[in-house]
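Protein chains in written order, with our numbering: chain W, 109 to 203; chain B, 109 to 203; chain G, 109 to 203; chain X, 109 to 203; chain V, 109 to 203; chain Y, 109 to 203; chain F, 109 to 203.
For every residue, glycine included, the Cβ atom is placed at its ideal position computed from N, Cα and C.
Please read the structure below before turning to the comments.
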Amino acid sequence: MKLVPLADRVVLKQLEAEETTKSGIILTSSAQEKPQEAEIVAVGPGGVIDGKEVKMHVEVGQKVIYSRYAGSEVKLDGQEYIVVRQNDILAIVED
Amino acid sequence: MKLVPLADRVVLKQLEAEETTKSGIILTSSAQEKPQEAEIVAVGPGGVIDGKEVKMHVEVGQKVIYSRYAGSEVKLDGQEYIVVRQNDILAIVED
Amino acid sequence: MKLVPLADRVVLKQLEAEETTKSGIILTSSAQEKPQEAEIVAVGPGGVIDGKEVKMHVEVGQKVIYSRYAGSEVKLDGQEYIVVRQNDILAIVED
Amino acid sequence: MKLVPLADRVVLKQLEAEETTKSGIILTSSAQEKPQEAEIVAVGPGGVIDGKEVKMHVEVGQKVIYSRYAGSEVKLDGQEYIVVRQNDILAIVED
Amino acid sequence: MKLVPLADRVVLKQLEAEETTKSGIILTSSAQEKPQEAEIVAVGPGGVIDGKEVKMHVEVGQKVIYSRYAGSEVKLDGQEYIVVRQNDILAIVED
Amino acid sequence: MKLVPLADRVVLKQLEAEETTKSGIILTSSAQEKPQEAEIVAVGPGGVIDGKEVKMHVEVGQKVIYSRYAGSEVKLDGQEYIVVRQNDILAIVED
Amino acid sequence: MKLVPLADRVVLKQLEAEETTKSGIILTSSAQEKPQEAEIVAVGPGGVIDGKEVKMHVEVGQKVIYSRYAGSEVKLDGQEYIVVRQNDILAIVED
């Protein structure tokens, strides 16, 4: 069973606290809408969205920092996912 | 008697709690606007909506995760439906 | 005396509680902005509205589910009407 | 002395309570933004408004139902007027 | 010393209470955003504003009714002025 | 050290109270968003901003009335500046 | 490990209080959304964003004043960064 995102949506898997520490990202926990590190597990096809052509610039497997503000949480097969729009992804974290 | 959605609207039938468990999706119940799993029972024709051409990318029978935020609930012949815009559908759940 | 709607407006006549039961639609009464069943009694001409061409896709006599949110109530000759924009009509109810 | 409306504005003269009764329109008085019956006394020229061509579809002398929400009240020579945008006129009342 | 308005802005000089009475306009004083009568003392050049061509349709010396909502008050050489956008002018008052 | 504004931004230096009095502008001090007199010390290049071509119509050295609402205050070398968008400038004050 | 911003986003490193003093910028600390001085450490590629072509006009190494309002804070390898859109950068600080 898997999530196939529509349009410009991207499915993210949040990195666990331990992984987060390992990657060197320490996020302040005082605010609910602070960006978060996650791994991309599925990318929508893009296309014409709200009358505008949207190209996807992210790929499965990338680690990203995203703004949690517009994301929707889903649990599938015991794993939590976050579905965001590509535009809610702020930056890719490269090693 | 059936609902024929207009424009980019999609009629959804929420999956029962038991079905939800069977499919492996467990939704947190703490927030009212959390996404939800549902099955598509009718799809509008798309077309020019608010001056922009909208194509429909979903089909009857698909299981989807949607954002409950903008949906409208309707009861027809004892069955509850949710009418959402295509844009409120976040992802298709595939087996 | 009759109401001739402008632009993309549609005049609706709400179905009475008894009719509603007959048609099999049971609406939850807990929220003010829940969709409602009604019959179309007049349809505006459409045309260029807010700089965008709007075509009318509904007809007099159709039963529809609409979102009450943006509608305006009017009483004419002892009959209550609701004036909505076409976009506030969610779906047509077909037998 | 007279009011010459600019752009897509329309000057309305509200019909008195007695006239309202005569015309068969009874308005609920419980909400401030309910539509109201009025007679058109002046119509703006239309033209390019906010970058979009607007044509005027109403005429002096027509009785209309309008949404009071965006209207501005003015008193001129002891007569009250309402200045609305054409888009705030919901329907024309025809005999 | 004078105010030269930019873009689609218009500089207004509010008519005094006595003048207001003389012109026959009596404004209700219960609301802060009610329209007001004023005389135009300077008109901006119009042009491309927010990506849209705006032409100016008012002239210095005209008496106008405007919506006070978006206006800014300025005092220059002891005289109070109101700077509004042309779009905040509802109608011209002609004798 | 100097501020080089981006896009359609303009750097202003507020005129001191004494200068303000000398120029004849007296501003009401009761509201925080009232317009203010200032001198332009730097003008951005304009260009395509939010998809729209913006031309700059103001120059360094001009005295202007601006709406304080969207401005950002900065202190550089002991001098306070206000960074506004050109659109927040209401009018130029000419002698 | 580094942050690679997407679209029109820019990664900033806030200047320390001491650096801030050295550069002569003194920021009022009374408001949370006041602009701030920072150094650019990464610049997104620009491109078509929300249907509009955006070109990047800033470069790594520049000192800038930005509006903190829309920025997102991230900590990577013990260093705090701010991710903003180019449009949130008000001005470049040149020596």
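{"Query": "Endpoints, beta strand (DSSP E) assigned at residue 152 of chain F", "Result": "No beta strand (DSSP E) holds residue 152 of chain F; DSSP gives it neither H nor E."}
{"Query": "Given residue 194 of chain X as reference, the closest of G:146, G:157, G:123 and G:147 once Cα atoms are compared", "Result": "G:157"}
{"Query": "Status (buried if at least 16 other CB within 10 Å, exposed otherwise) for residue 203 of chain W", "Result": "exposed"}
{"Query": "Rounded straight-line distance, which links the Cα of residue 113 of chain V to that of residue 121 of chain V", "Result": "13 Å"}
{"Query": "Helix, strand or coil at residue 115 of chain X according to DSSP, with G and I counted as helix", "Result": "coil"}
{"Query": "Close beta carbons around residue 169 of chain Y, own chain, < 8 Å, minus the five adjacent residues each side", "Result": "147 and 148"}
{"Query": "Member of W:201, W:197, W:198 and W:189 whose CA lies at the smallest distance from the CA of residue 144 of chain B", "Result": "W:189"}
{"Query": "Test: residue 175 of chain Y CB closer than 8 Å to a CB of chain F", "Result": "no"}
{"Query": "Residue 194 of chain W, DSSP secondary structure in three states", "Result": "helix"}
{"Query": "Residue 203 of chain V: contacting residues in chain X (beta-carbon distance under 7 Å)", "Result": "109"}
{"Query": "Close Cβ partners of residue 198 of chain B (< 7 Å) along its chain, the five nearest in sequence each way excluded", "Result": "143, 173, 174 and 175"}
{"Query": "Per-residue burial, residue 171 of chain X [other beta carbons within 10 Å of its own, 16 or more giving buried]", "Result": "buried"}
{"Query": "CB contact below 8 Å: residue 123 of chain X versus chain V", "Result": "no"}
{"Query": "Below-8 Å beta-carbon distance, residue 198 of chain G vs any chain C residue", "Result": "Any reference to chain C falls outside this structure, whose protein chains are W, B, G, X, V, Y and F."}
{"Query": "Short CB-CB distance (under 8 Å) between residue 116 of chain X and chain V", "Result": "no"}
{"Query": "Whether residue 179 of chain F touches residue 166 of chain F by CB criterion (8 Å)", "Result": "no"}
{"Query": "Extent of the continuous beta strand (DSSP E) run through residue 123 of chain Y", "Result": "Where residue 123 of chain Y is concerned, there is no enclosing beta strand (DSSP E), given that its DSSP letter is neither H nor E."}
{"Query": "Neighbour flag for residue 154 of chain G against chain X, beta carbons, 8 Å", "Result": "no"}
{"Query": "Residue 159 of chain V, buried or exposed, once every other Cβ within 10 Å from all chains shown has been counted against 16", "Result": "exposed"}
{"Query": "Neighbourhood of residue 163 of chain V by C-beta distance below 8 Å, restricted to the same chain and skipping five residues each side", "Result": "154"}
{"Query": "CB-CB length for residue 184 of chain Y against residue 123 of chain Y, believed under 8 Å", "Result": "Contact flag wrong, Cβ pair sits at about 17 Å."}
{"Query": "Exposure of residue 152 of chain X, with buried meaning 16 or more beta-carbon neighbours within 10 Å", "Result": "buried"}
{"Query": "Residues near residue 109 of chain X in its chain [Cβ-Cβ closer than 7 Å; skip 5 each side]", "Result": "184 and 185"}
{"Query": "Sequence-distant residues of the same chain with beta carbon closer than 7 Å to residue 119 of chain F, five excluded per side", "Result": "111, 113, 149, 150, 189 and 191"}
{"Query": "Other residues of its chain near residue 115 of chain V: CB distance less than 6 Å, five sequence neighbours each side excluded", "Result": "152 and 157"}
{"Query": "Test: residue 183 of chain B CB closer than 8 Å to a CB of chain W", "Result": "no"}
{"Query": "N-terminal and C-terminal residue of the beta strand (DSSP E) that residue 166 of chain B is part of", "Result": "That residue, residue 166 of chain B, is in no beta strand (DSSP E); it is neither H nor E in DSSP."}
{"Query": "Within chain B, the residues that residue 119 of chain W reaches when beta carbons sit closer than 8 Å", "Result": "199"}
{"Query": "Range of the contiguous beta strand (DSSP E) that encloses residue 174 of chain F", "Result": "171-175"}
{"Query": "Proximal residues to residue 196 of chain F (C-beta, below 6 Å), its chain only, five neighbours per side dropped", "Result": "174, 175 and 178"}
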